[in-house]
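Read through the structure below, which is laid out as structure tokens, and then see the notes.
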Amino acid sequence: CTHAVSVARHVMEHSVHNVLVGEGATEYAERIGLADASVLTDAATNEWKRWKAEESCSPRDEECHDTVGVLCMDCDGRIAAATSTSGWKFKLPGRVGDSALIGSGLYCDNSAGAAVATGDGEEIMRGCLSFLAVEEMRRGASPTEACQVAIRRLRELQAEGAPSSAPQASSAAQGADSPSGTSMHSTLTVAVMAMDKDGRVGAASTIGRANPHRGKPGFPYVMWRGQQEEEKEHA
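According to the working numbering, the sequence shown is numbered sequentially starting from 113.
See below:
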């Protein structure tokens with residue numbers, strides 16, 4: 113959907129439901145005047161045609177998905193969170209990613225803070241990472257500390273043997289620095305960003321020198337206060 117966040121907000125404010133998916137979500141968007149439009153590029157169309165001709169699932173790569181997560185606080189201290197994602201190309205029909213699931217891709221509570229996540233959605237869902245980060249802030253953790261706890265939990269799930277949706281690499285590599293020191297698949301990419309009720313922000317990720325993403329050893333994000341924009345990076 114080209115207006116996913118606007119439709120989600122309308123569902124939240126004008127219906128008794130939390131999530132709509134599939135044909136029902138499309139029909140709802142059309143009823144409220146937010147009809148879908150094709151956003152396929154020529155390159156994406158050609159890639160799909162090649163995949164269709166091969167009749168096989170192509171390997172995942174780091175360019176195949178991306179998510180935009182936004183955390184906002186207004187002048188009255190009210191917090192909002194939103195996510196919009198490209199999704200996972202060539203996925204099974206019916207797959208729902210983390211971005212649409214409250215607690216996984218995003219979570220918001222004015223009394224504690226808000227968090228959003230990006231990366232390998234199946235891994236994010238297993239740990240309810242956004243919910244975990246917000247609950248850590250409720251307990252007194254800073255946004256950065258809360259995100260680090262969420263990433264540490266992801267590492268613990270990997271160490272416990274939960275099957276990973278990330279492709280298996282020939283060797284495991286350490287991602288971002290972690291007190292646990294647990295190694296992870298070198299291709300696993302997850303980042304969590306958080307903002308507490310006082311407007312402080314922080315982030316943590318699996319990305320590091322041994323596990324770069326798109327050639328970078330850190331996860332960049334942008335913070336905007338008033339009219340001032342500042343780009344930050346979790347290394």
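Ideal Cβ positions, reconstructed from N, Cα and C, are used throughout, including at glycine.
Nearest to residue 328 (by Cα), restricted to the options 253, 199, 318 and 337: Comparing alpha carbon positions, the residue from 253, 199, 318 and 337 closest to residue 328 is 318.
Same chain, Cβ closer than 8 Å to residue 334, neighbours up to 5 away in sequence not counted: 341, 342, 343 and 344
Candidates 216, 223, 221 and 311, of which the one nearest residue 255 by Cα: Residue 311 holds the alpha-carbon nearest to the alpha-carbon of residue 255 among 216, 223, 221 and 311.
Among 160, 268, 305 and 194, nearest to residue 203 - alpha-carbon criterion: 160
For residue 271 and residue 223, the rounded distance between their alpha carbons: 33 Å
Residue 164 - DSSP class collapsed to helix/strand/coil: The answer is helix: DSSP assigns residue 164 an H, G or I state.
Selection from 238, 225, 240 and 180 that minimises the alpha carbon distance to residue 314: 225
Short Cβ contact (8 Å threshold) for residue 247 with residue 266: no
Extent of the continuous alpha helix (DSSP H) to which residue 261 belongs: 255-271
For residue 330 and residue 304, the rounded distance between their alpha carbons: 13 Å
Cβ neighbour criterion (16 or more within 10 Å) applied to residue 191: buried
Whole beta strand (DSSP E) elements within the segment 177-241, 3-residue minimum: 179-185, 191-197, 218-221 and 225-231
Cutoff 7 Å; reference residue 289; Cβ partners in own chain excluding five residues on either side: Unreliable positioning characterises residue 289 in this predicted model, as indicated by a pLDDT of 40, which lies under 50. The coordinate reading is nonetheless provided below. Closer than 7 Å at the Cβ level, and outside the excluded window around residue 289, lie 320.
Span separating the alpha-carbon of residue 250 from that of residue 221: 9 Å
Start and end residues, alpha helix (DSSP H) containing residue 118: 116-126
Status (buried if at least 16 other CB within 10 Å, exposed otherwise) for residue 259: buried
Run of the beta strand (DSSP E) containing residue 337, from where it starts to where it stops: 331-337 is the extent of the beta strand (DSSP E) around residue 337.
Endpoints, the alpha helix (DSSP H) within which residue 147 is located: Segment: none, residue 147 is in no alpha helix (DSSP H) and carries neither H nor E.
For residue 124 and residue 212, the rounded distance between their alpha carbons: 12 Å
Beta-bridge pairing of residue 308 - partner residues as DSSP gives them: 225
For residue 227 and residue 164, the rounded distance between their alpha carbons: 37 Å
For residue 252, three-class secondary structure by DSSP: coil
Nonlocal neighbours in the same chain, by C-beta distance under 6 Å from residue 233, ignoring five residues either side: 209 and 210
Same chain, Cβ closer than 6 Å to residue 231, five either side skipped, listed in chain order: 301, 302 and 303
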